[in-house]
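Quick mapping for you: the protein sequence lines, in order, are chains L and D.
Residue numbers for the first sequence follow my numbering, beginning at -8 and rising by one.
Residue numbers for the second sequence follow my numbering, beginning at -8 and rising by one.
Number of protein chains: 2
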Amino acid sequence: MERRPIGIFDSGVGGLTVLKAIRDRYPDEDFVYFGDTARVPYGTKSERTIIKYSLENARLLRKFNVKLIVVACNTSSSYALDILKRELDVPVIGVVRPGAVAAVKATRTGNIGVIGTEATVKSGAYRREILSINPFIKVFQKPCPLFVPLIEEGWLEDRVTYMVAERYLSELKGKNIDTLVLGCTHYPLLKNVIGKVCNNITLVDSAEETAIETGKFLGGEVKGNGEVRILVSDMSRRFKKIAEMIMGESFPVEEVSVDVC
Amino acid sequence: MERRPIGIFDSGVGGLTVLKAIRDRYPDEDFVYFGDTARVPYGTKSERTIIKYSLENARLLRKFNVKLIVVACNTSSSYALDILKRELDVPVIGVVRPGAVAAVKATRTGNIGVIGTEATVKSGAYRREILSINPFIKVFQKPCPLFVPLIEEGWLEDRVTYMVAERYLSELKGKNIDTLVLGCTHYPLLKNVIGKVCNNITLVDSAEETAIETGKFLGGEVKGNGEVRILVSDMSRRFKKIAEMIMGESFPVEEVSVDVC
């Protein structure tokens, strides 16, 4: 039987948290990961640009004969998922719906907080998905644009990061939330700091739930050690460092051009 | 006589500090500014990608019949200036050389600090330019990758920003510098915070010196109120807000495609 890889893309390095969660569950599968590091970040850009880039990334992955595509970027999932599903001839899975499902499962008080990039929050995608599951839940959102740069600087357990988290999250804490969705694939790297600031609040990270969702599309037909190919549109030292931190092991990284002319 | 505009590009909004400095001196001139907001930031990307983007930006400006091009981005100036000069049929001015000239004029102790993006610092462009003017000067560099996101978040006079500046600059202060080059066009927006941290150190901002350099290529032939066109590759709310903060007045902003296929 022909082995076809699972394709995963993100604006940069953060989506590797999703790759890791899927691979931990399905180590026999092959993976092609693409990080659009030449155009990262997406979270401060406009809807039109986010959709354009997402389509180009998905088309790039299709060239590798992927059997399904996981959009590991919350910003892309928020704006481009429907278009990707329409345009592509393989199943497409986003991270927003799985994150929303996990949050609804977790909440007891019915008050859920969502943090993410400016674009993700503005799209209202999490709110829509959560309310489509349970319309009685209250959703409170807050963009946290400095979290990604702080993570990329490597200040994961730092006084400055703690202060920034306090500032961003104090408003949400005032809303009596018991569940907080980490609506950006980078944010699980700040789980310790966010957990300290949001004492007694359940942190929901889409990666795990996305891995479960991905499983529904896998037939269990492949056996043997899966291969991982990691592609980027810009080769930076920074990517390799953070990739290793997330994956817990080191993979070769290849540079490819994403220009679809 | 045909009026031809001055072309200016930057990776995003920061280069408007250079546009403002040139326009303050030469208000009769017409300007076309391009901010590559769809691919910002450049400072964390690789040399190859920075050169590719810089060439595309310059070619875009050439379509507007510009008479000269000012590379208002320190990262682009550090890596792409020689190539741009070779490839284009109009004069090209960068911001690194003018900044270096101003710093050498300012120093008394002969110890100069340079702050900038990771890419700018890694290129060593400021060090090379400063030493080519005076080989006896000591140059100490430090990348400050969180400054741009902090500025874009609008935290210009903030306790967090102050702490980050303290952290980044303490090493340089230990080197007994008397002059600090703000080697990124965003950084003049942090002059107050950096000035407090770097008490008694002269801050050098390339914009003013670049405006003087630009004047050498102008014939003084144009009269009347100059026009300003501001183009971006991605239209974001954020751009307009910071643009107004820098320019002190509001200009219409147009979205254009930078893809050169």
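No residue lacks a Cβ here, since even glycine has one placed at the ideal position from N, Cα and C.
Residue-level contact by beta carbon fails for residue 113 of chain D and chain L, as no gap is shorter than 7 Å. For the region 115 to 144 of chain L, the beta-carbon criterion of a distance under 9 Å to any beta-carbon of chain D is satisfied by 136, 137, 139, 140, 141, 143, 144. Taken through DSSP and simplified to helix, strand or coil, residue 170 of chain L comes out as strand. Straight-line spacing of the CA atoms in residue 18 of chain D and residue 172 of chain D works out to 26 Å. Between residue 22 of chain L and residue 219 of chain L, the C-beta spacing is below 7 Å. A contact between stretches requires three or more CB pairs, one per stretch, nearer than 8 Å, and the region 127 to 141 of chain D meets this requirement with the region 151 to 164 of chain D.
Contact annotation, residue 131 of chain D with residue 163 of chain D: C-beta distance approximately 5 Å; criterion of less than 8 Å satisfied.
Non-local beta-carbon contacts of residue 199 of chain L in its own chain, meaning distances under 6 Å to residues more than five positions away in sequence, involve 12 in chain order. Contact annotation: residue 104 of chain D and residue 168 of chain D have beta-carbon atoms nearer than 7 Å.
Along the region 217 to 235 of chain L, going in chain order, the ones with a CB nearer than 9 Å to a CB of chain D are 224, 225, 226, 227, 228, 229. Beta-bridge pairing by DSSP links residue 133 of chain D to D/106. Within the region 149 to 218 of chain L, the complete alpha helix (DSSP H) runs of at least 4 residues fall at 150 to 164, 182 to 188, 197 to 206. In the three-state reduction of the DSSP assignment, residue -7 of chain L falls in the coil class, being assigned neither a helical nor a strand state. Within chain L, the C-beta atoms nearer than 9 Å to that of residue 29 of chain D come from 30, 36, 37, 40, 43, 44, in chain order.
Within 8 Å of the CB of residue 155 of chain D, the CB atoms of chain L belong to 151, in sequence order along the chain. Beta-bridge pairing by DSSP links residue 1 of chain L to L/26. Going by C-alpha positions, residue 90 of chain D is about 7 Å away from residue 201 of chain D. Close CB contacts of residue 112 of chain D within its chain, under the 6 Å cut and outside five residues either way in sequence, are with 132, 134 (chain order). Taking a contact as a CB-CB distance under 8 Å, the pair residue 46 of chain D and residue 25 of chain D does not count as one, their CB atoms being some 13 Å apart. Within the model, the alpha-carbon separation for residue 97 of chain D versus residue 125 of chain D is close to 13 Å.
The C-beta distance from residue 148 of chain L to residue 184 of chain L rounds to 6 Å, short enough to fall under 8 Å. Rounded to whole angstroms, the separation of the alpha carbons of residue 196 of chain L and residue 42 of chain D is 37 Å. In the DSSP assignment, residue 128 of chain L falls outside any alpha helix (DSSP H) and carries neither an H nor an E. Residue 100 of chain L is classed as exposed because its beta carbon has fewer than 16 other beta carbons within 10 Å across all chains shown.
Excluding five sequence positions before and after residue 221 of chain D, the CB atoms of its chain that fall closer than 6 Å to its own CB belong to 24, 242, 244, given in chain order.
Collapsing the DSSP output to three states places residue 235 of chain L in a helix. Spanning the alpha carbons of residue 63 of chain L and residue 85 of chain L requires a straight line of approximately 6 Å. Within the same chain, Cβ atoms closer than 7 Å to the Cβ of residue 31 of chain D are found at 2, 3, the five residues on either side in sequence being excluded. DSSP, reduced to helix, strand and coil, places residue 144 of chain D outside both helices and strands of the structure shown, so it counts as coil. Counting along the chain, the unbroken beta strand (DSSP E) around residue 62 of chain D starts and ends at 59 to 62. Taking 7 Å as the cut-off, the Cβ atoms of residue 102 of chain L and residue 129 of chain L count as close.
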